[in-house]
Structures are given as C-alpha cells and as structure tokens.
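Reviewing the structure listed below.
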Amino acid sequence: MLSRDELADLIAEQLMPAAAELVMGPAIELANAILEGYAVVKLPESSHIDEHGVSWNSADGRPLVTVANEDVWAGDDILDADAAEGEGLALLAAARAARAFQVRLP
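Okay, structure coming up:
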C-alpha cells in the first residue's frame, strides 16, 4: 500500500509539477482524506503473457487471475470486468479490515 507521504508526493507532483513543494500542505491533506476511505495500492506487474491471456500469480507461482479477451478467470470462476472489480474491492476491504484488527490486538 502507498504510504501517506508517497501519495502526497504523487498528488503534489500532479498539482504543481514545477514546484511540488509549494503545494505539499494541501497534498498531505488530500492524501489523508483519500487514505481514510480507500486502500490505495500499487498495481502489480503481470506474471506472464501468453496465448491464454495476461496472468498474475502468487509469490509461490500459484495462478491467481487471468484476463483472456474481456473475461477474467479467478480460480475456476469466470467473471466479467464489473464482477471482478466488485470482488477485488471486497477483497481490498477485507484485507484492510484484517490489518486494522491485527493492530488492535494486544
């Protein structure tokens, strides 16, 4: 996940590319507002591209998802782009909640 400072740097660079440091205050406020309600993550590079489509694998090589034409294959399930987005957002929310829960444990 992007840190607040990394996100603020990106925002400031977009707001004022020639002098990002001049808008760093508002950029930090925007970054805080975004991170309160959203999990902002860097998208991973695909693992490989072949005749079956574009695939992303876990670190141990297990296939996670493949995009073939307009279809998304997740495990043995085929999803359209909207369903895949919905499931992805739910997974991000679950991961974020799990991390928040871990922080509160003694």
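Note that my numbering has the sequence shown beginning at 116, numbered continuously upward.
Idealized CB from N, CA, C, for every residue including glycine.
Do residue i and residue j have their C-beta atoms closer together than 7 Å?
i, j, result
"I143", "A123", "yes"
"R211", "A154", "yes"
Please state the DSSP three-state secondary structure of residue i.
i, result
"D175", "coil"
"L117", "coil"
"L206", "helix"
Quickly, what does DSSP pair residue i with across the bridge? List them, please.
i, result
"S170", "H163 and T181"
"A212", "Paired residues: none, contrary to the question."
"I143", "The partner list for I143 (beta bridge, DSSP) is empty, contrary to what the question assumes."
Would you kindly work out how many angstroms separate the C-alpha atoms of residue i and residue j, rounded to a whole number?
i, j, result
"G168", "L145", "37 Å"
"M131", "E121", "16 Å"
"N172", "E128", "32 Å"
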